[in-house]
Amino acid sequence: MLPRAERVVASISRRLFRSYLSVSSRRRCNITAFMPEAAGFDGVSDRSTLQDFSVSNSEKFWAAAARHRLSWIRTFDAVRDCDLSRGKIKWFEGGKLNVSVNCLDRHVHTCPDKVALIWERDEPGSEVKVTYRELLDMTCRLGNLLRRRGVKRGDCVTIYMPPCPMAGGVHVGLCTYRRST
Numbered sequence: 034m035l036p037r038a039e040r041v042v043a044s045i046s047r048r049l050f051r052s053y054l055s056v057s058s059r060r061r062c063n064i065t066a067f068m069p070e071a072a073g074f075d076g077v078s079d080r081s082t083l084q085d086f087s088v089s090n091s092e093k094f095w096a097a098a099a100r101h102r103l104s105w106i107r108t109f110d111a112v113r114d115c116d117l118s119r120g121k122i123k124w125f126e127g128g129k130l131n132v133s134v135n136c137l138d139r140h141v142h143t144c145p146d147k148v149a150l151i152w153e154r155d156e157p158g159s160e161v162k163v164t165y166r167e168l169l170d171m172t173c174r175l176g177n178l179l180r181r182r183g184v185k186r187g188d189c190v191t192i193y194m195p196p197c198p199m200a201g202g203v204h205v206g207l208c209t210y211r212r213s214t
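Each residue of the sequence shown is one higher than the last, beginning at 34 in my numbering.
Pasting the structure below:
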């Protein structure tokens, strides 16, 4: 029997894994096509063996997923540090990343015309689709507006906005400052 802390971490890992691979549960797919990192995992050939691997080798699984799917400013030293008896749970300790780079920039470079946001209005059938290129433009405009208003890095900013596509740009824009080119 695993100690309580290990059982809780295994349970969290199972839940994260299920949400991470929920798409593959709907249809049969080649695991390495869906998750290229899985090619480096011994004995993994389908979804169920990948799920078993994610629980039994959770550190290796999440390290590979994080290294492959995120752009790091500084890579992490440890995948997790969990001590539930002290209430200490840390993931990717020592790592540093920029949320804007991971949510926007890397997609603008590879697929700028792919839809990043879909806003469904109250009227049925009417929706607004925003591409990564358009979202970057919104983010740059917002960053420049804030800069012109005297906002500096680290300042606390509150913006009230009704539900609209620009809200996505605001969330990304507040995470970073950019200059228009």
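In this text, a Cβ means the ideal position worked out from N, Cα and C, and glycines have one as well.
Open item on the list: Can you check whether the C-beta of residue 116 is within less than 7 Å of a C-beta belonging to chain C?
Closed with: You won't find chain C in this structure, because it holds only one protein chain.
TODO: Please indicate yes or no: does the CB of residue 102 lie closer than 6 Å to some heavy atom of the ligand ZN?
DONE: No copy of the ligand ZN occurs in the structure displayed, which carries no ligand at all.
- [ ] Alpha carbon to alpha carbon, how far is residue 157 from residue 109? Give it in angstroms, no decimals.
- [x] Taking the straight line from one Cα to the other gives about 45 Å.
Task: Proximity of residue 63 and residue 104 at Cβ, strictly below 7 Å - done: Going by beta carbons, residue 63 and residue 104 fall outside the 7 Å limit.
Task: 3-residue-minimum beta strand (DSSP E) runs that sit fully inside the segment 79-147, ordered along the chain - done: Within the segment 79-147, the beta strand (DSSP E) runs of at least 3 residues that lie entirely inside it are, in chain order, 105-107, 111-116, 121-126.
Open item on the list: Does the structure place the segment 72-86 close enough to the segment 118-132 that three or more beta carbon pairs sit under 8 Å?
Closed with: These segments do not touch.
- [ ] Please look up how many angstroms separate the CB atoms of residue 129 and residue 107, rounded, as I've assumed it's under 8 Å.
- [x] Right, their Cβ atoms sit about 4 Å apart.
TODO: Specify, as a first and last residue, the run of the beta strand (DSSP E) that residue 160 falls within.
DONE: Taken as a continuous stretch (DSSP letters only), the beta strand (DSSP E) holding residue 160 covers 160-164.
Task: residue 192: first and last residue of the uninterrupted alpha helix (DSSP H) it sits in - done: For residue 192, no alpha helix (DSSP H) segment is defined, and its DSSP state is neither H nor E.
- [ ] Return yes when the Cβ of residue 141 is within less than 7 Å of the Cβ of residue 164, no when it is not.
- [x] Taking 7 Å as the cut-off, the beta carbon of residue 164 is found no closer than this to the beta carbon of residue 141.
Open item on the list: How far does the alpha helix (DSSP H) with residue 66 in it extend, from its first residue to its last?
Closed with: 64-67 is the extent of the alpha helix (DSSP H) around residue 66.
Open item on the list: Can you look up residue 153 in the DSSP assignment and give me helix, strand or coil?
Closed with: Residue state, collapsed to three classes: strand.
Open item on the list: Rounding to the nearest angstrom, what Cα-Cα distance links residue 76 and residue 65 in this structure?
Closed with: Between the alpha carbons of residue 76 and residue 65 lies a gap of roughly 12 Å.
- [ ] Use the C-beta contact count for residue 81: other C-beta atoms within 10 angstroms, 16 or more gives buried, fewer gives exposed.
- [x] Its Cβ having fewer than 16 others within 10 Å, residue 81 is exposed.
Task: Closest residue to residue 172 among 159, 133, 162, 196 (Cα-Cα distance) - done: Of the listed residues, the one whose Cα sits closest to residue 172 is 133.
Task: Selected residue, minimal CA-CA separation from residue 97, among 90, 70, 176 - done: Of the candidates 90, 70, 176, the one whose C-alpha sits nearest the C-alpha of residue 97 is 70.
Open item on the list: Which of the three DSSP states is assigned to residue 186 in this structure?
Closed with: Reduced to three states, the DSSP call for residue 186 is coil.
Task: Pairwise C-alpha distance: residue 192 and residue 178 - done: One Cα belongs to residue 178, the other to residue 192, and the distance between them is close to 13 Å.
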